[in-house]
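Structure first, commentary second.
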Amino acid sequence: MVTPSRRIILLLALAGFASMASMRVTDAMLPALSLAFERPVADVAQNITFFAIAYGLMQLCYGPLGDRHGTLRVIGLATVACALGALGSALSGSLSMLLVFRTLTGATAAAIIPLSMAWVGDNVSYDQRQVTLAHMLSGAVMGLITGQVLGGLLADTLGWQAAFFLLTALFLLAGALLLSTLHRQPGLSPLGAEQGEVAFVSRLRDILLIARARRILALVFLEGIAAFGALAFAASHLYERLGVSLTQAGLMVALFGVGGLIFAALARPMVARLGEPGLAAGGGLLMGVGFIGLAVAQQPVSATAGAFAAGLGFYMMHSTLQINATQMAPAARGTAMAVFAGCLFLGQSVGVSLGGLVLRLANSLWLLAGAGVWLLVLGLAFAWLLRQWRGERTTATAQS
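Residue numbering for the sequence shown follows this note's numbering, starting at 674 and increasing by one per position.
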């Protein structure tokens, strides 16, 4: 097993940065899009839903493509293709056109993070994998922060289109650097054996036949519904509840990503001290407190603290889900991680749709508070499962 070069990890982090910035860039600008297209916030939020649906469904394509043609090669080409979707979004003159190009961006961005995780799974030993993933995904977290902040900032200053022009440049830069590196070192992304649709269906069936895999996929789907569904409306909630600008709302919600960066920096000691069950339970508790805090916040300080707690908790639990997902099907990690990511972002699409429904029936306070309770219960359930699995491994080892 080769040691991944620092350059490849940095390039994957850069591509992940652009991907997550694109995913979250419209969160804080929803009120501006609502004004520009003269549609309710719940309607313009469909751009997040369409992005997430395309992102989730395309996982089923990129998994086998990565297994067959090389994960890094597919990531590089998809990153360049993302630039087209970002450029089209910037030039959209109607909500319908924006939805089309946001769907295209989601479909192409879908390759980046899950195949990056698969590459790490194939090239990093298990004992170093969680820390390496945390470091690599710090780029994605920075993208989440940047997308939320710049989405609001540019909507307040240069106009919402400026954010998409900036994303176009980022995608082109990341894709070009990755492809040029592969051109010089093609061995970094070896080609796999030719495999057809039957082989893919067979791999997918094998994954779904594993009871533990089904539970992990169900957990990440439910996590996506609550965490990303609520996060999409958090900035709009603070904009209306606290009377702050879009820039300020985006900055407050961006502390969700800062929580992720803190976890990435402290991943090694936290994993050693808490263990996987502790990370899952603690993550669920922090998400519960954080999202409920965002819901009822009366001041920017309390909203900021809530966003930070929710973000730290999310990455504590999600990284634990990730590390378990890399072991679902070691022989076809590309497909397995693609299905894992697909469940997360299909969950997001369901969550945003449910969030729009809650906004029509009640308000954003109930949406965020409900997500907090949901995630608290989910974290405790995952921690219980991890203890059960650890007990099963201990019993199996004793009997062998």
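Glycine residues also receive a C-beta, built at the ideal position from the N, C-alpha and C atoms.
For P1003, no alpha helix (DSSP H) segment is defined, and its DSSP state is neither H nor E.
The DSSP assignment places complete alpha helix (DSSP H) segments of no fewer than 4 residues inside the stretch 768 to 837 at 768 to 782, 785 to 796, 799 to 809 and 811 to 829, in order along the chain. With a threshold of 16 other beta carbon atoms within 10 Å, H856 falls short and is exposed. Collapsing the DSSP output to three states places P950 in a helix.
Straight through space, the alpha carbons of L1040 and W1047 are spaced by roughly 11 Å. Non-local beta-carbon contacts of T778 in its own chain, meaning distances under 7 Å to residues more than five positions away in sequence, involve S695, F724, C755, G758, A759 and S762 in chain order. The Cβ neighbour count for P787, taken over all protein chains shown within 10 Å, is at least 16; the residue is labelled buried. Collapsing the DSSP output to three states places P942 in a helix. The alpha carbon of A1056 has as its nearest neighbour, out of T1008, H991 and H742, the alpha carbon of H991. In this chain, the alpha helix (DSSP H) harbouring A884 covers A884 to E896.
Non-local beta-carbon contacts of A784 in its own chain, meaning distances under 6 Å to residues more than five positions away in sequence, involve Y735, V747, I748 and A751 in chain order. Judged by beta-carbon spacing, L915 lies beyond the 8 Å limit of V926, meaning their Cβ atoms are not closer than that value. Close CB contacts of S1037 within its chain, under the 6 Å cut and outside five residues either way in sequence, are with F906 and H910 (chain order).
Here DSSP, grouped into helix, strand and coil, assigns D700 to coil. Annotation for A968: L1038, L1041 and A1042 place their beta carbon closer than 6 Å to its own, counting only its chain and skipping 5 residues before and after. Cα atoms of L772 and L877: separation of roughly 30 Å, rounded to the nearest angstrom.
The alpha-carbon of Q921 is positioned some 35 Å away from that of A891. In the assembly as shown, V893 is a buried residue. Its beta-carbon has 16 or more other beta-carbons within 10 Å.
Going by beta carbons, L895 and L1051 fall inside the 8 Å limit. Across the set L1017, M1001 and L1027, the C-alpha of M1001 shows the shortest separation from the C-alpha of G794. Exclusion of the five residues before and after Q972 leaves L915 as the residues of its chain whose Cβ lies within less than 8 Å of its Cβ.
Taking C-beta atoms under 8 Å as the contact rule, G816 and G689 qualify, at a distance of about 6 Å. Between A908 and V698, the alpha-carbon positions lie close to 11 Å from each other. Contact annotation: the stretch 928 to 945 touches the stretch 812 to 827, with at least three C-beta pairs closer than 8 Å. Contact annotation: A1009 and A998 have beta-carbon atoms nearer than 8 Å. For M702 and W833, the gap between their C-alpha atoms comes out near 7 Å.
The residues V747, in chain order, have a CB closer than 7 Å to that of L738 in the same chain once the five nearest residues on each side in sequence are set aside. Contact check for A715 and L1032: beta-carbon distance about 5 Å, within the 8 Å limit, so the pair qualifies. Excluding its 5 nearest sequence neighbours in each direction, G1045 has C-beta neighbours in its own chain below 6 Å: G961, F964 and I965, listed in chain order.
Taking C-beta atoms as the reference points, G957 and L1049 count as a pair closer than 8 Å. No Cβ-Cβ contact shorter than 8 Å links S798 with F710. Shown here, P737 sits in a helix according to DSSP, grouped into three states. Setting aside the 5 residues that flank it on each side, A727 is surrounded in the same chain by T776, G779 and A780, each with a C-beta closer than 6 Å to its C-beta; the list follows chain order.
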